[in-house]
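Quick note, in the UniProt record's numbering, the sequence shown goes up one by one and the last residue is 303.
Structure, as structure tokens:
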Amino acid sequence: MNATTSTITPIRENPQQPQPRQTTKEMIAANVKCLIEQLEAGHSDALTAYLNAMSRFHSYSFGNVLEIARQRPTATRVAGMYAWNQLGRSVKKGEKGIRILAPIIGIKRKKDVEAEKDITKQNTRVLVGFRNAYVFDVEQTEGVELPAMREVYGDVGENHDRLVSFIERQGIELVFTEKIAPALGMSYGGRIAILPGQSKAETFATLLHELAHEMLHKAERRTATTKVVRETEAEAIAFVVGKAVGLEAGTASADYISLYHGNASLLIESLEVIQQASAVILEALESSATAETMPDAELARVA
Numbered sequence: 001m002n003a004t005t006s007t008i009t010p011i012r013e014n015p016q017q018p019q020p021r022q023t024t025k026e027m028i029a030a031n032v033k034c035l036i037e038q039l040e041a042g043h044s045d046a047l048t049a050y051l052n053a054m055s056r057f058h059s060y061s062f063g064n065v066l067e068i069a070r071q072r073p074t075a076t077r078v079a080g081m082y083a084w085n086q087l088g089r090s091v092k093k094g095e096k097g098i099r100i101l102a103p104i105i106g107i108k109r110k111k112d113v114e115a116e117k118d119i120t121k122q123n124t125r126v127l128v129g130f131r132n133a134y135v136f137d138v139e140q141t142e143g144v145e146l147p148a149m150r151e152v153y154g155d156v157g158e159n160h161d162r163l164v165s166f167i168e169r170q171g172i173e174l175v176f177t178e179k180i181a182p183a184l185g186m187s188y189g190g191r192i193a194i195l196p197g198q199s200k201a202e203t204f205a206t207l208l209h210e211l212a213h214e215m216l217h218k219a220e221r222r223t224a225t226t227k228v229v230r231e232t233e234a235e236a237i238a239f240v241v242g243k244a245v246g247l248e249a250g251t252a253s254a255d256y257i258s259l260y261h262g263n264a265s266l267l268i269e270s271l272e273v274i275q276q277a278s279a280v281i282l283e284a285l286e287s288s289a290t291a292e293t294m295p296d297a298e299l300a301r302v303a
């Protein structure tokens, strides 16, 4: 009988919240259906909540980001009950957990004869499936004060140089020229031009927008997209990353509704592309000390 282990922090399921098990595709479809219903009812702030969640939880899979945004749009920092306990905090009485899907990892054991040939490769870790797990936002906990998370509040700080370094490592030429005026930035496929004279925050946001175009240009798409959709996606990526580093990017709702246009499959693909591209950029900013190039700005994997 194969033993199973979990690759994530142990999370205690909430007995007060019995939920049917779902596949990742079912979970995403249910969330997008809910989002479409809210958009049709005129609640455009729902889409902004999803984009905000992408900026806060870029290490989570696309499906789990949607789950967190739908169940608790105000969440800023989530973890399982066990993880909070390890940090000296406990979940407040009566708080309901945020349901996500956690992977179940099993061990595929080779036959004794095969294992003897190479002892280092006798067992293989495989994805068995997913289980319901529950996380809680920091506001749902109490206890020891947590170290303050670094916030920028409109000043991108060293993130500007980190972003420029990341762009250069992708083999993208970056130039500053007034010839593109009145445009603030232009993407030419392997070359980004930026209008000089912008503030550092504006330059950073413009760089994000044009870098997004470079990444979207290389990404394989299931659905044909229009220029409006591509522009909207690029702006959404700039919004998500800018928000994550502390920039005030205004409201996203009105501008991003054009992603929808009644096309559920396009909305799913657009949100997934935004989440993945944003995650790649944010991870690069956080690990700027690593000089390894990510070939073709490879998009982050999702669970």
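In this text, a Cβ means the ideal position worked out from N, Cα and C, and glycines have one as well.
Predicted, not measured: the structure shown is a model, and the values here were computed from it.
Residue 278 sits close to residue 241, with the two beta carbons spaced by under 9 Å.
CA-to-CA, the gap between residue 192 and residue 215 works out to about 12 Å. Residue nearest to residue 178 within the set 161, 197 and 163 is 197 (criterion: CA-CA distance). Counted as a single uninterrupted DSSP element, the beta strand (DSSP E) harbouring residue 194 occupies residues 191 to 194.
A buried status is given to residue 276, since no fewer than 16 other beta-carbon atoms sit within 10 Å of its beta-carbon. Just so you know, the alpha carbons of residue 89 and residue 217 end up roughly 44 Å apart. The three-state secondary structure of residue 141, taken from DSSP, is strand. Around the beta-carbon of residue 206, 16 or more other beta-carbon atoms lie within 10 Å, marking it buried.
Going by C-alpha positions, residue 172 is about 16 Å away from residue 280. With at least 16 other beta carbons inside 10 angstroms of its own, residue 137 counts as buried. For residue 67, the closest alpha carbon among the candidates 94, 93, 39 and 134 is that of 134. The shortest CA-to-CA distance from residue 87 to any of 26, 95, 78 and 94 is the one to 78. Look at residue 129 here: in three-state DSSP terms it is strand. In this structure, DSSP gives residue 62 a helical state, which the three-state scheme calls helix.
Just measuring C-alpha positions, the residue of 32, 69, 51 and 43 sitting nearest residue 233 is 51. For residue 56, the uninterrupted alpha helix (DSSP H) run begins and ends at 45 to 56, by DSSP.
In the DSSP secondary-structure assignment, residue 187 is bridged to 192. Per DSSP, the beta bridge partners of residue 134 are 99. Residues of the same chain with a CB within less than 6 Å of the CB of residue 237, apart from the 5 flanking positions on each side, are 212, 274, 277 and 278 in chain order. Each of 43, 44 and 27 was checked against the Cα of residue 101, and the nearest Cα belongs to 27. Residue 239 places its beta carbon less than 9 Å from that of residue 55. Around residue 33, the same chain offers 264 as residues with beta carbons nearer than 8 Å, after the five sequence neighbours per side are excluded.
Residue state for residue 158 is assigned as coil, using DSSP reduced to three classes.
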